[in-house]
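All residue numbers for the sequence shown refer to my numbering, where the first residue is 71 and numbers rise by one. Each remark here refers to the structure printed beneath this line.
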Amino acid sequence: MDSNRLYSTEVFDTDVLRSPWAQLRETFRYTYLLRNLVQRDVKVRYKNSLLGVVWSLLNPLLMMMVYTVLFTILRPNNSIQYFHIFILVALIPWQFLAGTVLGGTVSITQNASLVKKVFFPRALLPTSVMFSQLINFILSFVVLVLLLYLSGIGLTRYVLWVPVILFTQMVFMLGLALALAAAQTFYRDTLQIVQVAILAWFFLTPIFYPFEDFSQTAEMLGWSFNPARLMRWINPMASIVDSYRTVLWGTMESQGQPVSMDPLMLGRTFVTAVITLVIGYYLFIKTEHLFGEKL
71 MDSNRLYSTE VFDTDVLRSP WAQLRETFRY TYLLRNLVQR DVKVRYKNSL LGVVWSLLNP
131 LLMMMVYTVL FTILRPNNSI QYFHIFILVA LIPWQFLAGT VLGGTVSITQ NASLVKKVFF
191 PRALLPTSVM FSQLINFILS FVVLVLLLYL SGIGLTRYVL WVPVILFTQM VFMLGLALAL
251 AAAQTFYRDT LQIVQVAILA WFFLTPIFYP FEDFSQTAEM LGWSFNPARL MRWINPMASI
311 VDSYRTVLWG TMESQGQPVS MDPLMLGRTF VTAVITLVIG YYLFIKTEHL FGEKL
């Protein structure tokens, strides 16, 4: 790899605060750097690892096995058919999110020497984490497809929704990663907060239980609300996971028979994802010029 090609030799003035559009245009000029950062992240992640990239496949498979044993053998009253597929369809996008958010949070602080010495669009660091995690997602998805066919479900025309759902998820995750990367640069305990939040978020997302398990009515502190509707509004990952599951596994009524998803529901989730990205990117570029002195 040509070191002169990897980074720009321009002098970075931390006192210069450029417009968001200027920052965005400049970021697109560094696609070669994004590619190099992704390659570096993948190599570092599996360096000196016995199984290497195979771990990206084993992780969701092992989790799938644990939950399948728990909810079909230890708790045999589970009525969900093809439960291993039911779980894996949700675990793969969830691990994509968790890896991107946690890795994106520390992407600036873990590259402090690079950020302080070399000029390049800092937004590329959390972005590269997302794309390196995307490689894991794709590999795991290939395994999922094989299991779908081995289970007799296979793929239907509804699989064409997957790229749309995936793009929505990536937009949402990138917004979170940018905002949290900036926050971690100023407040080092951000990572600890994110780790706790990710765990709570996992249980609030329909990974090992169906979305239909959310009740239609509930009351708290004298306030009546619809938990299912509330969860779709405040937890975009609930809608995203439910969308993957609908087009690859089906619903509780069609178990094992994928069906079409609700475009309006995904459209609302996409709007939320775009808003998250705009806010995350805005916070990032408004604080980026201070990263050098905070590191």
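The C-beta atom is built at its ideal place from N, Cα and C for all residues, glycine as well.
Indicate the three-state DSSP secondary structure (helix, strand or coil) for Tyr116 in the structure shown.
-> When DSSP states are grouped into helix, strand and coil, Tyr116 belongs to the coil group.
Go to Ala288, then tell me how far its beta strand (DSSP E) extends in each direction, as first and last residue.
-> Start and end: 288-290.
Could you give the distance in angstroms between the alpha-carbon of Leu220 and the alpha-carbon of Val188?
-> In a straight line, the C-alpha of Leu220 is about 50 Å away from that of Val188.
Gln327 to Ile277, Cα distance in whole Å?
-> Between the C-alpha atoms of Gln327 and Ile277 there is a straight-line separation of about 18 Å.
Reducing DSSP to helix, strand and coil, say where Ser294 ends up.
-> Strand at Ser294.
Could you work out which residue in Tyr152, Lys364, Thr238, Trp293 is closest to Leu167 when comparing CA atoms only?
-> Taking only the C-alpha atoms, the option nearest Leu167 is Thr238.
Quick one: what's Phe256 bridged to in DSSP?
-> According to DSSP, which records beta bridges pairwise, Phe256 is partnered with nothing at all.
Just mark Trp164 as buried or exposed, buried being the case when its beta carbon has 16 or more other beta carbons within 10 Å.
-> With at least 16 other beta carbons inside 10 angstroms of its own, Trp164 counts as buried.
What's the call for Tyr351, buried or exposed, on a 16-neighbour Cβ count within 10 Å?
-> With a threshold of 16 other beta carbon atoms within 10 Å, Tyr351 meets it and is buried.
For Ile355, count neighbouring Cβ atoms within 10 angstroms of its own Cβ and tell me buried if that reaches 16, exposed if not.
-> Under this definition Ile355 is a buried residue.
CB of Ser198 within 9 Å of CB of Ile162, strictly = Against a cut-off of 9 Å, the Cβ pair of Ile162 and Ser198 comes out as no contact.
Any chain B beta carbon closer than 9 Å to Ala160 | No chain B is present in this structure, which holds just one protein chain.
Nearest candidate by alpha-carbon position, reference Glu107, set Met135, Val136, Ile178 = The displayed chain sequence assigns Leu, not Glu, to residue 107. Among Met135, Val136, Ile178, the Cα nearest to that of Leu107 is on Ile178.
Measure the CB-CB distance between Pro196 and Gly174 and report whether it falls below 9 Å.
-> The answer is yes: Cβ separation under 9 Å.
Residue(s) in a DSSP beta bridge with Phe281 | DSSP, once it has assigned bridges, lists no residue as partnering Phe281.
Straight-line Cα distance separating Met322 from Asn148 | If you take the alpha carbons of Asn148 and Met322, they lie about 12 Å apart.
Local conformation of Thr79 per DSSP, three classes | Residue placement at Thr79 is flagged as unreliable, the pLDDT there being 43, under the threshold of 50; a coordinate-derived value is accordingly withheld.
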